[in-house]
Ligand code: PMP
């Protein structure tokens, strides 16, 4: 068996320990005589899996009791619609557009009401996070929306925007569980899990209880109402059962590691290996302003498209997969999520140094 270093932006690398455990339990989950894939989502065994997953996530993120945790389907993209359908009481929301995913959420919200772009970093190809200390927040805004970590461009909000008292809604898909977070600062946080938490197919929504109401926009499908999922403990319909089981294992892996403080330390150390090299390299250069750099997604370029392509090709042959930048931006991107071992980044940097020596 040869596992390669997988720098994919998502679906992405998962902890080897988790995969091994899942493999061991594949045919017979804890004496149930069946795989988790095969069991009723209403069985006692599965109830335990779901409840433990929620309890462990609550512990890891220190989620207060007045927040609900919902395990949903439809990816992060369904939330682009579900959020306005449930939260846009005045039909107004403010958006800080820092990349493609924030832009998509902003465009989707326009279907349901007035979406105001109150800040953007598009003028410089989303290579920075705008100053959000004193934005023109709309007086009647139902919420202010951000994408906290920009998977494609490799930026991250290091300080949350000043929403002037309005509810903050954040897409945390690509920084989920990468460092501690103060849940009380948000009305709603959500993410697709396929980057840092588990297999594609699960979206986790953490929402303050007062935002869960019957009062959704007319025409909101039942499946798109937070209340129906909250009232039914994520079991209104069949949940993405196997995916949640894997998420639960990742939560336990994180707890064993020492929780999110410990994870943050590892992630900072790991990202520094790559960023420090990018800062000194004469061939490669990072594309993001230093103070806004993501710990999870690291885009870089040589400045020469042909050389970029050569690098991606040679890196792949050497066992470093998925280093090609997003199709909309080109260049390279190394996604170094929680489960990427530090050795993977160290070896990548070694390889980059060799490439630099040969191609400068
Ligand atoms: N938000 C962010 C920050 C993302 O990176 C992605 C996917 N890469 C999405 C949303 C969309 O997620 P999904 O494919 O689960 O709809």
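In UniProt numbering, the protein residues as written are 1 to 360. Note that the Cβ used here is the ideal one computed from N, Cα and C, for glycine as well.
> Going by beta carbon distance, what residues of the same chain come within less than 8 angstroms of residue 28, once the five residues before and after it are set aside?
Replying inline: Taking residue 28 as the centre and dropping the five residues before and after it, the same chain places the C-beta of 34, 35 closer than 8 angstroms to its C-beta, in chain order.
> Roughly how many whole angstroms lie between the Cα atoms of residue 283 and residue 332?
Replying inline: So the alpha carbons of these two residues sit roughly 13 angstroms apart.
> Run through DSSP, which three-state label would residue 200 get?
Replying inline: Assignment of residue 200 by DSSP, reduced to helix, strand and coil, places it in the coil class.
> Looking at residue 221 and residue 11, is the spacing between their C-beta atoms short of 8 angstroms?
Replying inline: Taking 8 angstroms as the Cβ cut-off, residue 11 and residue 221 do not qualify as a contacting pair.
>> Can you tell me whether residue 107 is buried or exposed? The criterion is at least 16 other CB atoms within 10 Å of its CB, across all chains shown.
In response: Burial call: exposed.
> Is it the case that the Cβ atoms of residue 235 and residue 211 are separated by a distance below 8 angstroms?
Replying inline: Contact: no.
> Of the residues 206, 91, 157, 160, which one's Cα is nearest the Cα of residue 69?
Replying inline: Nearest C-alpha to residue 69: 206.
> Secondary structure at residue 280, three-state DSSP: helix, strand or coil?
Replying inline: If DSSP states are grouped into helix, strand and coil, residue 280 belongs with the helices.
>> If contacts are defined as beta-carbon pairs under 8 angstroms, then residue 340 and residue 270 qualify, I think. What distance do you get, rounded to the angstrom?
In response: With a contact defined as Cβ atoms closer than 8 angstroms, residue 340 and residue 270 qualify at about 7 angstroms.
> Using the C-alpha atoms, what's the distance from residue 55 back to residue 342?
Replying inline: If I take the Cα positions, the gap works out to 29 angstroms.
> Counting along the chain, where does the beta strand (DSSP E) carrying residue 48 start and finish?
Replying inline: Not the beta strand (DSSP E): residue 48 falls in the alpha helix (DSSP H), residues 44–61.
> Quick one: what's got a C-beta closer than 8 angstroms to residue 156's C-beta in the same chain, skipping five residues either side?
Replying inline: Same-chain partners within the cutoff: 129, 148, 149, 150, 175, 292, 293, 294, 295, 296.
> For residue 139, which option in 115, 215, 81 has the closest C-alpha, if you only look at C-alpha atoms?
Replying inline: Minimum Cα distance to residue 139 is reached at 115.
> Would the C-beta of residue 73 count as close to the ligand PMP, meaning under 7 angstroms from any of its heavy atoms?
Replying inline: Result no, Cβ not under 7 angstroms from the ligand PMP.
>> Please give me, in chain order, every unbroken run of the beta strand (DSSP E) with length at least 3 that falls completely inside the stretch 235–317.
In response: Here the runs fully enclosed are 297–301.
>> Rounded to whole angstroms, what is the Cα-Cα separation between residue 96 and residue 136?
In response: The straight-line gap from Cα to Cα measures roughly 11 angstroms.
>> Among the candidates 131, 73, 112, whose CA atom is the shortest distance from the CA of residue 361?
In response: With the chain covering 1 to 360 only, the question about residue 361 has no answer from this structure.
> Just the Cα atoms here: how many angstroms apart are residue 121 and residue 104?
Replying inline: Going by the C-alpha atoms only, they are around 15 angstroms apart.
> Hey, residue 224 and residue 37: beta-carbon distance below 8 angstroms or not?
Replying inline: No, the pair does not count as a contact, with Cβ atoms beyond the cut-off.
> Cβ-heavy atom distance between residue 76 and the ligand ADP below 7 angstroms?
Replying inline: Looking at this structure, you won't find the ligand ADP anywhere; what it does contain is the ligand PMP.
>> Using a Cβ-based criterion (distance less than 7 angstroms to any ligand heavy atom), does residue 9 qualify as near the ligand PMP?
In response: Yes, Cβ of residue 9 sits closer than 7 angstroms to a heavy atom of the ligand PMP.
>> Taking 7 angstroms as the cut-off, is the beta-carbon of residue 107 closer than that to any non-hydrogen atom of the ligand PMP?
In response: Judged by the Cβ position, residue 107 fails to qualify as a neighbour of the ligand PMP at the 7 angstroms threshold, every heavy atom of the ligand being at least this far.
>> For a test of the three-state rule: what should DSSP assign to residue 68, helix, strand or coil?
In response: DSSP places residue 68 in strand when its eight states are reduced to three.
> If you check the beta carbons only, do residue 146 and residue 170 fall under 8 angstroms apart?
Replying inline: Using a Cβ distance threshold of 8 angstroms, residue 146 and residue 170 count as a contacting pair.
>> Do residue 345 and residue 273 have their beta-carbon atoms positioned less than 8 angstroms apart in this structure?
In response: It is a contact, given that the beta carbons lie within the stated cut-off.
> What span of residues does the beta strand (DSSP E) with residue 335 cover, start to end?
Replying inline: Under the DSSP assignment, residue 335 falls in the beta strand (DSSP E) whose first and last residues are 332–335.
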